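Data first, discussion second: the structure below is written as structure tokens.
There are 2 protein chains.
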Amino acid sequence: MNTENISVVLVEPQGPRNIGSVCRAMLNFGLFDLRLVNPQTDHLLHEARQMAVKATTVLEEAKIFTSLEEALADCTLSVGTTRRFGRYREGLLHPDEAAKMLLPETVEDRVAMVFGREDKGLFNAELDLCQHFVTIPTNDKLPSMNLAQAVAVCLYEISKVKGELAGAEHGRKQLASNDDLERMFQHMRESLTQVGFLDPQNPDHILRAFRRILGRSGLNEREVRIMRGLFSQIDLLDEQMNKLKNQRNDNE
Amino acid sequence: MNTENISVVLVEPQGPRNIGSVCRAMLNFGLFDLRLVNPQTDHLLHEARQMAVKATTVLEEAKIFTSLEEALADCTLSVGTTRRFGRYREGLLHPDEAAKMLLPETVEDRVAMVFGREDKGLFNAELDLCQHFVTIPTNDKLPSMNLAQAVAVCLYEISKVKGELAGAEHGRKQLASNDDLERMFQHMRESLTQVGFLDPQNPDHILRAFRRILGRSGLNEREVRIMRGLFSQIDLLDEQMNKLKNQRNDNE
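In structure tokens:
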């Protein structure tokens, strides 16, 4: 995962201070590539430099585009920020979900987070160019955030989730593949039905609870082996018992 | 949990725009009580009002104090923000940990998040008045965040954690008590040792893996009953088998 492969795209930003503040937030969280679509101000004004503090290189190297399409041309995935609902209500992501979606892509490709105008946000035609939509949940008394603060919150989540994913990779080893998990649940279903713990008419009722429990914990490969070991032991017990029962029937 | 019982305390803030931006972030995340300790500027200047947008009441109702001690007098818990390490390195909290610590207190008491000067942060004598310390992990290339952005990130986490805690209470029903969990693990240890899945010489080796798996998922009461149901079924199987074995031995 490489935060340098995440571009921040501002569509028609109006305030030089906001643009400078965005640069500072970017450098705070390890991002460098700023793209401005039709900026409504000179982004190199004194106020912008002042707010950028030590991130003036991010500001000076910002790329200017005349359309969002051009700005996103080399990005494989774009997340648009919006406070609007209606059309984009489905699949609206929380900033941490957006981070989880973007970060794996950054290993090989460039991705973008797109922020709209201070007053009007992104228009629908602009959101249409994004594959996912993110919103920061805010209070009804003042739902609209300052542009640079919204950028800071989104980049903070990217940095946080990156740390968590990196920690998970090191600490927990490899998470088990979906195939392995499904084979484990299949084994679980057979073993526990066989010994009468699951209702053969409706094994999924209880199995679903196990799926939720184990889904929440995120099993690694070793843990899947341990779980399957337990079911194998239950299978063995069941076999031995059937053998004993058969012997008894033979004796009778 | 009541975010209205969280005060934001700014110690010697210098910029009127920063103070106004802090007010906007507060209202974005449902906080209202701003306290200024020796502000180095008039907080009611035009620039401050402009940045506060619709949060001018937060700005106008800000309380002014001449010392941090006075500002914290009615708070039962205070979290100080710092980028400095050394003396306060131990127990330095991540913003989400700070949120988890503060929120339960807000049911009955007032708590505070304390932010220092734009350039020099909080002095040690001021940190000494706080019980906990929080830092936002940032990139070495530019570790220092804009004051209002740092406030926004901390309040975003408070709002997020509040939602998670509330969701956990409603959605998952009650998490199982520690007593229930320990009885479950005790049952698990007995059942799985009995059927030969756990090594009687060292049952804890594998049991520890189960503790980690189930600990990560956070079981509710129903899920603990389902798990114990499984172990009871294993117990039953084992009993039946022992009975069959005994019968066979009697027959021989």
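Sequence lines, in order, name chains A and B.
Mind the numbering: the first sequence is residues 1 to 252 in our numbering, read in order.
Mind the numbering: the second sequence is residues 1001 to 1252 in our numbering, read in order.
The C-beta atom is built at its ideal place from N, Cα and C for all residues, glycine as well.
Predicted, not measured: the structure shown is a model, and the values here were computed from it.
TODO: Please determine, among 1034(B), 1221(B) and 1146(B), the residue with the shortest C-alpha to C-alpha distance to residue 1056(B).
DONE: 1034(B)
Task: Alpha-carbon to alpha-carbon, residue 1112(B) and residue 172(A) - done: In this prediction, residue 172(A) has a pLDDT of 48, which is less than 50 and means its spatial position is unreliable; what the coordinates show is noted afterwards. Cα to Cα, the separation comes out at about 36 Å.
TODO: Could you tell me which uninterrupted alpha helix (DSSP H) segments, each at least 4 residues in length, are contained entirely in the stretch 86 to 166 of chain A, listed from first to last along the chain?
DONE: Complete alpha helix (DSSP H) runs here, min 4: 95 to 102 and 124 to 127.
TODO: Kindly indicate if chain A contains any beta-carbon less than 8 Å away from that of residue 1208(B).
DONE: no
Task: Inter-residue spacing [alpha-carbon to alpha-carbon] between residue 1023(B) and residue 1231(B) - done: 55 Å
Task: Selected residue, minimal CA-CA separation from residue 1002(B), among 1141(B), 1061(B), 1108(B) and 1205(B) - done: 1108(B)
- [ ] Kindly indicate which three-state DSSP category residue 1172(B) falls into: helix, strand or coil?
- [x] Confidence in residue 1172(B) is poor, its pLDDT being 48 and thus under 50, which makes the residue's placement too unreliable to answer from.
- [ ] For residue 1028(B), count neighbouring Cβ atoms within 10 angstroms of its own Cβ and tell me buried if that reaches 16, exposed if not.
- [x] buried
TODO: Only counting runs of 3 or more residues, tell me where the beta strand (DSSP E) segments fall wholly within the stretch 1001 to 1084 of chain B, in order along the chain.
DONE: 1006 to 1011, 1033 to 1037, 1063 to 1065 and 1077 to 1081
Open item on the list: Going by DSSP in three states, residue 250(A) sits in which element: helix, strand or coil?
Closed with: Judged by DSSP in its simplified three-state form, residue 250(A) adopts helix.
Task: Selection from 1221(B), 1192(B) and 1070(B) that minimises the alpha carbon distance to residue 1207(B) - done: 1192(B)
- [ ] Could you please tell me which residues of the stretch 1017 to 1029 of chain B, in chain order, have their CB closer than 8 Å to any CB of chain A?
- [x] 1017, 1021, 1024, 1025, 1027, 1028 and 1029
Task: Burial state of residue 69(A), where buried means 16 or more other Cβ atoms lie within 10 Å - done: exposed
Open item on the list: Using C-beta distances below 7 Å, list every residue in its chain close to residue 202(A), excluding the 5 sequence neighbours before and after it, in chain order.
Closed with: none
Task: Simplified DSSP state of residue 1242(B), which is helix, strand or coil - done: For residue 1242(B), the three-state secondary structure derived from DSSP is helix.
TODO: Measure from the C-beta of residue 1177(B) to each C-beta in chain A and report whether the shortest distance is under 8 Å.
DONE: no
Open item on the list: Please state whether the Cβ-Cβ distance between residue 1011(B) and residue 1031(B) is less than 8 Å.
Closed with: no
- [ ] Using a Cβ-Cβ cut-off of less than 8 Å, give me the residues of the stretch 1151 to 1164 of chain B that come near chain A, in sequence order.
- [x] 1152, 1153, 1156, 1159, 1160 and 1163
Task: residue 1178(B), enclosing alpha helix (DSSP H) - first and last residue - done: Its alpha helix (DSSP H) spans residues 1178 to 1194.
Task: First and last residue of the uninterrupted alpha helix (DSSP H) at residue 210(A) - done: 204 to 217
- [ ] Using a cut-off of 8 Å between C-beta atoms, extract the partners of residue 1137(B) located in chain A.
- [x] Among the residues of chain A, those whose CB is under 8 Å from the CB of residue 1137(B) are 159, 160 and 163, following chain order.
Task: Within 8 Å, strictly: CB atoms of residue 1093(B) and residue 1101(B) - done: yes
Open item on the list: Would residue 1233(B) pass as an interface residue toward chain A - the criterion being a Cβ-Cβ separation below 8 Å?
Closed with: yes
Task: Residues of the stretch 183 to 213 of chain A with Cβ closer than 9 Å to any Cβ of chain B, in chain order - done: 192, 195, 196, 197, 206, 209, 210, 212 and 213
Task: CA-to-CA distance, residue 1195(B) to residue 1128(B), given in whole angstroms - done: 56 Å
Open item on the list: Below 8 Å on C-beta distance, what does residue 255(A) contact in chain B?
Closed with: Past the edges of chain A, shown from 1 to 252, lies residue 255(A), and the structure says nothing about it.
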